[in-house]
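**Q** Sequential numbering of the sequence shown, starting at 85, is according to my numbering. Quick one: the structure is below, and I'll ask about it shortly.
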Amino acid sequence: AAKDIRMSKQPTGIANGLTNYGDPDFSLYLRRSFARSMGYSNAMLAKPVVGIAYTPSSFNNCHRHFPELLDAVKRGVLAAGALPMEFPTISLGEVWLSPTSLKFRNLMSMDTEEMVRAQPMDAVVLMGGCDKTVPAQLMGAVSAGRPAVMLVGGPMMTGRHRGERLGACTDCRRFWAQYRAGKIDEAEINEIEGKLATTAGTCAVMGTASTMACLVEALGLILPGTAAIPAVHADRLRAAEATGAAAVRLIGSKLTPDVIINSKSMENALRVLLAIGGSTNGIIHLTAIAGRAGIPVSLKRLNELSDTTPVLVNLKPVGNGYMEDFFAAGGMGALMRELKDLLHLDAMTVTGETLGERLAHDSDASRDSWIDRTIIAERKKPLEPQGGLVALFGNLAPQGAILKRSAADSNLFELEGRAVVFSSLADLAARIDDPNLDVEAKDILVLQNAGPHSPSAMPEAGYLPIPKKLATKGVKDMVRVSDARMSGTAFGTVVLHVTPDSASGGPLGLVRNGDRIRLSVKERRIDLMVDDAELKRRAAAAKPAADKPERGYARLYAQEILGADQGCDFAFLKPR
Ligand code: FES
Numbered sequence: 085a086a087k088d089i090r091m092s093k094q095p096t097g098i099a100n101g102l103t104n105y106g107d108p109d110f111s112l113y114l115r116r117s118f119a120r121s122m123g124y125s126n127a128m129l130a131k132p133v134v135g136i137a138y139t140p141s142s143f144n145n146c147h148r149h150f151p152e153l154l155d156a157v158k159r160g161v162l163a164a165g166a167l168p169m170e171f172p173t174i175s176l177g178e179v180w181l182s183p184t185s186l187k188f189r190n191l192m193s194m195d196t197e198e199m200v201r202a203q204p205m206d207a208v209v210l211m212g213g214c215d216k217t218v219p220a221q222l223m224g225a226v227s228a229g230r231p232a233v234m235l236v237g238g239p240m241m242t243g244r245h246r247g248e249r250l251g252a253c254t255d256c257r258r259f260w261a262q263y264r265a266g267k268i269d270e271a272e273i274n275e276i277e278g279k280l281a282t283t284a285g286t287c288a289v290m291g292t293a294s295t296m297a298c299l300v301e302a303l304g305l306i307l308p309g310t311a312a313i314p315a316v317h318a319d320r321l322r323a324a325e326a327t328g329a330a331a332v333r334l335i336g337s338k339l340t341p342d343v344i345i346n347s348k349s350m351e352n353a354l355r356v357l358l359a360i361g362g363s364t365n366g367i368i369h370l371t372a373i374a375g376r377a378g379i380p381v382s383l384k385r386l387n388e389l390s391d392t393t394p395v396l397v398n399l400k401p402v403g404n405g406y407m408e409d410f411f412a413a414g415g416m417g418a419l420m421r422e423l424k425d426l427l428h429l430d431a432m433t434v435t436g437e438t439l440g441e442r443l444a445h446d447s448d449a450s451r452d453s454w455i456d457r458t459i460i461a462e463r464k465k466p467l468e469p470q471g472g473l474v475a476l477f478g479n480l481a482p483q484g485a486i487l488k489r490s491a492a493d494s495n496l497f498e499l500e501g502r503a504v505v506f507s508s509l510a511d512l513a514a515r516i517d518d519p520n521l522d523v524e525a526k527d528i529l530v531l532q533n534a535g536p537h538s539p540s541a542m543p544e545a546g547y548l549p550i551p552k553k554l555a556t557k558g559v560k561d562m563v564r565v566s567d568a569r570m571s572g573t574a575f576g577t578v579v580l581h582v583t584p585d586s587a588s589g590g591p592l593g594l595v596r597n598g599d600r601i602r603l604s605v606k607e608r609r610i611d612l613m614v615d616d617a618e619l620k621r622r623a624a625a626a627k628p629a630a631d632k633p634e635r636g637y638a639r640l641y642a643q644e645i646l647g648a649d650q651g652c653d654f655a656f657l658k659p660r
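In structure tokens form, the structure reads like this:
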């Protein structure tokens, strides 16, 4: 099956990429003598090297099982005849970073790219899992251009509360909303806290981490059938071992991530994103990954794909199940076979097979071909006839905004309402629960200054809470508009990623309390019903942005950050 893999004639193993002392023979001698200090035999040091980008961290609960996975990867590498050498990179645990993990995704991608390129490895296994780690590693790997295969950590198992299954973190939000609405008391919410995230692994629903795992499989950069294997399942260890062996097979290959990522594999990933009802963050990350390979991702094209791609996967937050159910139901192989006629089957995958060849196998390794149709619907009986995400355009979002329609209330899709504006996250926190807040259920909540150019660096704050005075009256959803993001585990009629963002001078920053905003999902529009002359007047009167940070990563971020339409990558990291 490896017919498309051609060999190159680079030096391999630790002789690769020597440290420069002005005498290459001495450089190799010195490196070998230091490598001997680690107790390797000469026979081991003569082998090609597989690097393993290794991301455990006490600040990343989702990667808690990585030591065990690393052992399995190494076993696979050794048995296939190469020397495994793990190296640390930055790890990003979603709930552990302030102001938000997205701010550091590009830093992790730079760390990964440079360490893959600067150290002597003939291929690399990328071990990621939690939301930002997978896109960061892929962005870095595309830019580094070395043979690479990814291993994702896999999802958590669910917990139980009073007979009900719970999983992070759709249920975290659901119970928190019930607590805010006064339906459950403090004792119960505290009890639930210990039952939401009960094992190692990534969030148990189709949140951002699971979405990214599925997208990497659609892109062909992890082994077939491995996206959904639970973190603590023995199959996860077998997948790790097989990934180590696959990395060895990639040595000398021209099938590098920058080749596997192309316009066809990207469209396949977008189709899958729509069919799984995946996270809105998936759009930003795919755009950034594709951008590293010089491939544009157009939101207009997303809408065309969305019109012709059904939602087939019944997992929270859009449906009912959890990732463990998706795995048991047949996983990504079963889903992509269902979508086969919509996919570019000639796209290459990391095994050297085309996607079509991979899907032609009756089943993925270790499973039969039975499919649980309550979780993975047939094409003729989709959960929804159209895709889970749509892009909106209009004078409020000239370069686009995103709505996860599959997680939204369709009664709110055609609505003109009064804007209730919060000028920042601090303003939102200060006033949203004020009993005197002038707000009604048909109003549109607007959050400004939470985009990529703001000091808060585009946090997952677009899921504005329903004002307490309405929540206690039973209001569950309202139209919310912002330049922020939303957690992949959240739901609601939430318009996100409004671009350009407020902090870069976008029209969202010009909205005032009481303005009328019109949303039409049918027309794919979001408009501010204020005339141009008035908007120009407001723009002219706007205060200049706050001072830019003076030093360090914050300064680099402020100088280089691009909008959501560019995947929030840094300008200087895009290929020339
Ligand atoms: Fe790590 Fe959700 S917090 S995947």
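Backbone N, C-alpha and C define an ideal beta-carbon position, used for all residues, glycine too.
(1) With distances taken between CB atoms, is the gap from residue 601 to residue 528 smaller than 8 Å?
(2) For the ligand FES, any of its heavy atoms closer than 7 Å to the Cβ of residue 178?
(3) Run through DSSP, which three-state label would residue 570 get?
(4) Among 287, 248 and 297, whose alpha-carbon lies nearest the alpha-carbon of residue 221?
(5) Under the criterion of a Cβ to heavy atom distance below 7 Å, does residue 255 qualify as lining the ligand FES?
(6) Just to confirm, does residue 366 get its C-beta within under 7 Å of one of the non-hydrogen atoms of the ligand FES?
(7) Taking all protein chains shown into account, decide if residue 363 is buried (16 or more other Cβ within 10 angstroms of its Cβ) or exposed.
(8) Let me know the secondary structure DSSP gives residue 381 once reduced to three states.
(9) Using a Cβ-Cβ cut-off of 6 Å (strictly less than) and excluding sequence neighbours within five positions of residue 575, which residues of its own chain qualify?
(10) Give me the residue from 559, 523 and 629 with the minimum Cα distance to residue 264.
(11) For residue 248, does the three-state DSSP call read helix, strand or coil?
(12) Run through the DSSP bridge pairs and tell me what residue 168 is partnered with.
(13) Using the beta-carbon count (16 or more within 10 Å), is residue 96 buried or exposed?
(14) So if DSSP puts residue 185 in a beta bridge, which residue, or which two residues, is it bridged to?
(15) Under a Cβ-count criterion, where at least 16 other Cβ atoms within 10 Å of its own Cβ denotes burial, should residue 122 be classed as buried or exposed?
(16) Run the proximity test for residue 238: is its beta-carbon closer than 7 Å to any non-hydrogen atom belonging to the ligand FES?
(17) Which residue's Cα is closest to the Cα of residue 500: 536, 526 and 246?
(18) Quick one: what does DSSP say residue 390 is sitting in, helix, strand or coil?
(19) Report the option in 266, 538, 508 and 409 whose CA atom is closest to the CA atom of residue 557.
(20) Assuming residue 311 contacts residue 415 (C-beta within less than 8 Å), just tell me the rounded distance between them.
(21) Compute the distance between the beta-carbons of residue 608 and residue 476, then report whether it is under 8 Å.
(22) In angstroms, rounded to a whole number, what distance separates the CA positions of residue 193 and residue 224?
(23) Could you tell me whether the Cβ of residue 167 comes closer than 8 Å to any Cβ of chain B?
(24) To which residues of the same chain is residue 170 closer than 7 Å at the C-beta, ignoring the five residues directly before and after it?
(25) What does a CB cutoff of less than 8 Å around residue 647 pick up in its chain, not counting 5 residues either side in sequence?
(26) Taking 8 Å as the threshold (C-beta atoms), are residue 158 and residue 285 in contact?
(27) Please find out if some non-hydrogen atom of the ligand FES comes closer than 7 Å to the beta-carbon of residue 282.
(28) Where in the stretch 458-534 do unbroken runs of the alpha helix (DSSP H), each at least 4 residues long, occur, reported from the N-terminal end onward?
(29) What does DSSP give as the partner residues of residue 207 in its beta bridges?
(30) In terms of residues, what are the limits of the alpha helix (DSSP H) holding residue 226?
(31) Between the alpha carbons of residue 421 and residue 303, how many angstroms are there, rounded?
(32) For a test of your reading of the model: does the CB of residue 251 fall under 7 Å from any non-hydrogen atom of the ligand FES? Yes or no.
(33) Quick check on residue 92: buried or exposed, where buried means 16 or more other Cβ atoms within 10 Å of its Cβ?
(34) Please classify residue 575: does DSSP put it in a helix, a strand, or coil?
(35) From which residue to which residue does the alpha helix (DSSP H) around residue 349 run?
(36) Taking contact to mean 3 or more Cβ pairs, one atom from each stretch, closer than 8 Å, check whether the stretch 425-444 and the stretch 336-354 are in contact.
**A** In terms of the structure at hand:
(1) Your numbering for residue 601 matches position 517 in the sequence shown. Your numbering for residue 528 matches position 444 in the sequence shown. Cβ distance < 8 Å, so residue 601 and residue 528 count as in contact.
(2) To locate residue 178, count along the sequence shown from 1; it is residue 94. True, at least one ligand heavy atom lies under 7 Å from that Cβ.
(3) The residue labelled residue 570 in the question sits at position 486 within the sequence shown. Coil at residue 570, not helix or strand.
(4) Translated into positions along the sequence shown, residue 221 becomes position 137. Among 287, 248 and 297, the Cα nearest to that of residue 221 is on 297.
(5) Translated into positions along the sequence shown, residue 255 becomes position 171. For the ligand FES, not one heavy atom lies less than 7 Å from the Cβ of residue 255.
(6) Along the sequence shown, one-based indexing puts residue 366 at 282. False, no ligand heavy atom lies under 7 Å from that Cβ.
(7) Locating residue 363 in the sequence shown gives position 279, where the first residue counts as 1. So residue 363 counts as buried.
(8) By 1-based counting over the sequence shown, the position of residue 381 is 297. If DSSP states are grouped into helix, strand and coil, residue 381 belongs with coil.
(9) On the sequence shown, position 491 is the one that residue 575 refers to. Cβ neighbours of residue 575 beyond the five flanking positions: 401 and 491.
(10) On the sequence shown, position 180 is the one that residue 264 refers to. Closest option to residue 264, Cα to Cα, is 559.
(11) On the sequence shown, residue 248 is found 164 positions in, with the first residue counted as 1. In this structure, residue 248 counts as strand in the three-state DSSP scheme.
(12) The residue labelled residue 168 in the question sits at position 84 within the sequence shown. Partner(s): 134.
(13) Stepping through the sequence shown from its first residue, residue 96 is reached at position 12. Result: buried.
(14) Along the sequence shown, read from residue 1 onward, the residue named residue 185 stands at position 101. Answer is none; residue 185 lacks a bridge partner.
(15) Working through the sequence shown from its first residue, we reach residue 122 at position 38. Exposed: under 16 other Cβ atoms inside 10 Å.
(16) Along the sequence shown, read from residue 1 onward, the residue named residue 238 stands at position 154. Not under cutoff, so the answer is no.
(17) Locating residue 500 in the sequence shown gives position 416, where the first residue counts as 1. Closest by alpha carbon: 526.
(18) As a first step, residue 390 is located in the sequence shown; it is residue number 306 there, counting from the start. It is helical.
(19) As a first step, residue 557 is located in the sequence shown; it is residue number 473 there, counting from the start. Residue 266 is the option with its Cα nearest to residue 557.
(20) Counting from one through the sequence shown, the residue named residue 311 turns up at place 227. Counting from one through the sequence shown, the residue named residue 415 turns up at place 331. At roughly 7 Å, the Cβ-Cβ gap stays under 8 Å, so residue 311 and residue 415 are in contact.
(21) Residue mapping note: residue 608 aligns to position 524 of the sequence shown, counting from 1. Residue mapping note: residue 476 aligns to position 392 of the sequence shown, counting from 1. In this structure, residue 476 lies closer than 8 Å to residue 608 by Cβ.
(22) For the purposes of this step, residue 193 is identified with residue 109 of the sequence shown, where counting begins at 1. For the purposes of this step, residue 224 is identified with residue 140 of the sequence shown, where counting begins at 1. Rounded to whole angstroms, residue 193 to residue 224 spans 4 Å at the Cα level.
(23) Going by chain labels, chain B is absent from the structure shown, which holds only one protein chain.
(24) Counting from 1 along the sequence shown, the entry for residue 170 is found at position 86. Correct list, in chain order: 136, 138 and 154.
(25) As a working note, residue 647 is residue 563 in the sequence shown. Here the set comprises 483, 535, 536, 537, 583, 584, 585 and 588.
(26) Walking along the sequence shown from the start, residue 285 turns up at place 201. Walking along the sequence shown from the start, residue 158 turns up at place 74. Not a contact, by the Cβ cut-off of 8 Å.
(27) Taking the first residue of the sequence shown as 1, we reach residue 282 at position 198. Checking the Cβ of residue 282 against the ligand FES gives no.
(28) 509-515
(29) Within the sequence shown, numbered from 1, the residue matching residue 207 stands at position 123. Paired residues: 134.
(30) The residue given as residue 226 occupies position 142 in the sequence shown. Segment 217-228, the alpha helix (DSSP H) holding residue 226.
(31) Within the sequence shown, residue 421 is the residue found at index 337, counting from 1. Within the sequence shown, residue 303 is the residue found at index 219, counting from 1. Cα to Cα, the separation comes out at about 15 Å.
(32) As a working note, residue 251 is residue 167 in the sequence shown. Answer for residue 251: no, Cβ out of range of the ligand FES.
(33) Position 8 of the sequence shown, counting from 1, holds the residue named residue 92. The predicted position of residue 92 is uncertain, since its pLDDT is 46 and thus under 50; a value taken from the coordinates is nonetheless stated next. When all chains shown are included, residue 92 counts as exposed.
(34) Here residue 575 is taken as the residue at index 491 of the sequence shown, counted from 1. Coil, per DSSP.
(35) In the sequence shown, the residue the question calls residue 349 occupies position 265. Residues 347-359.
(36) yes
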